[in-house]
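Structure first, commentary second.
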Amino acid sequence: MEKGTLIGGLLVVVLLGICVVSSVEAAGGNFQQGGPGRAPQPTYGLNFYRKSCPAAENIITSAAIKKWNTDKTITAGLLRMFFHDCFVTGCDASLLILSTPGNQAEIEAGPNLTIHGQDLINTIKTQLEAACPGVVSCADIIALAIREVVLLAGGPFINFPTGRRDGVVSQASAVNLPGPSITVSQAIAAFQSIGLNVNDLVTLLGAHTVGVAHCVFFSDRLYNFQGTGRPDPTIAPSLLKSLKAQCPQSATGALGNPVALDQGTPFRVDTSYFQQLGLNHGILQLDQELTHDRRTSGLVRSFTPSQGRRTGFSGGQWGPSFARSMVKLGNVGVLTGNKGQIRHTCGAINQCQIGRKSAGHRQSSANL
Ligand code: HEM
210 MEKGTLIGGL
220 LVVVLLGICV
230 VSSVEAAGGN
240 FQQGGPGRAP
250 QPTYGLNFYR
260 KSCPAAENII
270 TSAAIKKWNT
280 DKTITAGLLR
290 MFFHDCFVTG
300 CDASLLILST
310 PGNQAEIEAG
320 PNLTIHGQDL
330 INTIKTQLEA
340 ACPGVVSCAD
350 IIALAIREVV
360 LLAGGPFINF
370 PTGRRDGVVS
380 QASAVNLPGP
390 SITVSQAIAA
400 FQSIGLNVND
410 LVTLLGAHTV
420 GVAHCVFFSD
430 RLYNFQGTGR
440 PDPTIAPSLL
450 KSLKAQCPQS
460 ATGALGNPVA
470 LDQGTPFRVD
480 TSYFQQLGLN
490 HGILQLDQEL
500 THDRRTSGLV
510 RSFTPSQGRR
520 TGFSGGQWGP
530 SFARSMVKLG
540 NVGVLTGNKG
550 QIRHTCGAIN
560 QCQIGRKSAG
570 HRQSSANL
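In our numbering, the protein residues as written are 210 to 577.
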């Protein structure tokens with residue numbers, strides 16, 4: 210082998226090593242050394258991009274408003290996207306990574322097949338890469354876009370800290386999301402596994418105040434509840450009739466029709482979902498079960514508009530509680546500092562920069 214080729218080969222091996230190590234490096238808490246004589250830089254907190262990309266929040270807000278004006282389903286799409294992302298390997302936008310030959314990504318796992326809203330996140334990412342290349346993570350774009358669309362739909366202001374970085378792993382086989390027919394005990398345990406409590410569970414299921422469930426997720430309740438050959442006795446008779454019409458037993462097709470999860474105000478982020486549960490109008494089995502379990506029924510009642518103590522937000526304490534629990538959900542498994550990377554496009558992990566002369570990007574070594 211020629212000397213030049215050998216040296217070149219060794220260089221590639223060394224650089225590859227640096228590339229791999231730097232992308233999985235551990236971060237030192239929520240602060241990072243700022244260099245000799247300089248104060249440590251915060252790595253996660255409110256308004257994280259104030260200096261590094263002052264236009265970031267405005268860019269995200271404008272794009273979210275534009276989208277919401279033409280597509281009201283975006284609120285539901287992003288809320289569910291966030292839960293599905295955060296529950297599996299933390300809030301690192303790993304859900305947005307597309308499959309590659311040899312890797313089936315999270316997005317292709319069964320529960321994720323109806324995830325939507327990626328178009329908005331990708332549009333925002335393109336705008337941010339033009340304004341501040343390599344600075345704003347896809348994980349933060351999801352959180353900040355949710356903040357906007359929830360507000361537009363009548364919900365509370367969610368004061369998300371930012372500084373999340375993007376994950377570098379996404380595997381369909383890692384998706385362990387809870388299903389809609391689990392018991393309340395199983396749901397409590399699932400939430401505990403990511404550091405959320407029973408109050409967070411009931412509060413966050415209130416996100417079902419918007420959006421839809423396809424027949425496949427609840428048709429057992431209409432025709433053969435728990436193998437009895439009969440409907441779930443807890444469904445209100447009028448709702449049962451209407452759901453059977455929307456989800457005929459003879460229907461073919463994988464998912465069936467979409468049915469509003471909140472039969473009252475399906476596009477508003479409000480407490481109508483809890484009111485509907487009180488009328489036995491829950492669509493998913495777990496939603497309705499919340500009213501039957503003593504650990505959760507009191508919370509459902511306290512979040513119901515007519516019985517909750519009114520605050521500034523219509524319908525008791527749910528609004529502020531939802532904002533708090535969303536922040537908690539948004540803190541799950543967050544990558545900060547030098548962990549992970551800032552993806553250039555949300556659908557793909559950054560390629561190592563070997564061989565590139567200049568991508569024109571401001572980039573740290575941890576950002577390879
Ligand atoms: C144990 C917990 C949960 C279970 C079992 C569950 C289950 C489901 C199921 C089966 C659907 C229907 C999906 C479809 O037909 O496409 C759904 C929809 C939805 N879920 Fe959940 N969910 C849970 C928690 C959450 C949380 C914590 C959030 C957000 C904070 C959330 C937000 C949503 C939204 C907004 C929709 C409507 C999506 C759309 O219209 O595109 N869910 N959920």
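Even for Gly, the Cβ is constructed at its ideal location relative to N, Cα and C. These numbers were taken from a predicted model, which means no experiment stands behind them.
Given the structure, does P442 come close to the ligand HEM, in the sense that its CB is under 7 Å from one of the ligand's heavy atoms?
no
Tell me the start and end of each unbroken beta strand (DSSP E) in the region 466-540 that is at least 3 residues and wholly inside, in chain order.
Inside the region 466-540, DSSP marks whole beta strand (DSSP E) runs of 3 or more residues at positions 467-469, from first to last along the chain.
I need the boundaries of the alpha helix (DSSP H) containing V407, first residue and last residue.
V407 to L414
Using a Cβ-Cβ cutoff of less than 7 Å, which residues in the same chain neighbour K453 once the five nearest sequence positions on both sides are dropped?
L431
Whose C-beta lies closer than 7 Å to the C-beta of G473 among residues of the same chain, with five residues either side of it excluded?
S481, Q484 and Q485
Leaving out five residues before and five after G620 in sequence, what residues of the same chain have Cβ atoms less than 6 Å from its Cβ?
Because the chain here runs from 210 to 577, residue 620 falls outside it and cannot be looked at.
Quick one: any contact between the region 296-303 and the region 342-360, if contact means 3 or more CB pairs under 8 Å?
yes
From the DSSP secondary-structure annotation, give me the bridge partner or partners of L375.
The sequence given here places Asp at residue 375; Leu does not occur at that position. D375 is bridged to Q550.
Bridge partners for S421 per DSSP, in chain order?
The residue asked about is misnamed: residue 421 is Val in this sequence, not Ser. The partner list for V421 (beta bridge, DSSP) reads A469.
Verify the contact flag: P457, CB atom, against every heavy atom of the ligand HEM, threshold strictly below 7 Å.
no
For A557, I'd like the list of residues in its chain whose CB is within less than 6 Å of its CB, leaving aside the five on either flank, ordered along the chain.
none
Do you know how far the Cα of L322 is from the Cα of P457?
Distance between the alpha carbons of P457 and L322 is about 22 Å.
Secondary structure at Q380, three-state DSSP: helix, strand or coil?
coil
Output yes or no for whether 8 Å exceeds the beta carbon distance between A272 and Q327.
no
Specify whether the region 380-394 and the region 418-434 touch according to this definition: at least 3 beta carbon pairs, one from each stretch, less than 8 Å apart.
yes
With H, G and I counted as helix, E and B as strand and the rest as coil, what does DSSP make of L255?
Three-state result, L255: coil.
Any idea what DSSP makes of A557, helix, strand or coil?
strand
Using only the heavy atoms of the ligand HEM, determine whether one of them is closer than 7 Å to the beta carbon of P387.
yes
With DSSP as the reference, identify every bridge partner of N312, one or two as the case may be.
T309
Could you have a look at L464 and say whether DSSP puts it in helix, strand or coil?
coil
Could you please give the first and the last residue of the uninterrupted alpha helix (DSSP H) stretch that includes S447?
P446 to Q455
Taking three-plus beta-carbon pairs below 8 Å as touching, is the region 279-295 in contact with the region 530-540?
Counting C-beta pairs with one atom in each stretch, the region 279-295 and the region 530-540 have three or more that are closer than 8 Å, which means they touch.
Does DSSP put L544 in a helix, in a strand, or in coil?
strand
With the cut-off set at 8 Å, would you say G364 and V478 are in Cβ contact?
yes
Output the boundary residues of the alpha helix (DSSP H) element that contains V393.
Counting along the chain, the unbroken alpha helix (DSSP H) around V393 starts and ends at V393 to Q401.
Within its chain, find whatever has a CB closer than 8 Å to the CB of D409; leave out the 5 residues flanking it on each side and keep chain order.
F400, S534, K537 and L538
In whole angstroms, what separates the C-alpha of V393 from that of T505?
8 Å
Please classify H293: does DSSP put it in a helix, a strand, or coil?
helix
Going by Cα to Cα distance, which pick from D441, P467, T371 and S447 is closest to Q643?
Missing from the structure shown is residue 643; the chain here goes from 210 to 577 and no further.
Tell me whether K281 sits in a helix, a strand or coil according to DSSP, three-state version.
coil
Which one of T282, Y258 and V377 has the shortest CA to CA distance from S308?
Taking each of T282, Y258 and V377 in turn and checking the Cα distance to S308, the smallest one comes out for V377.
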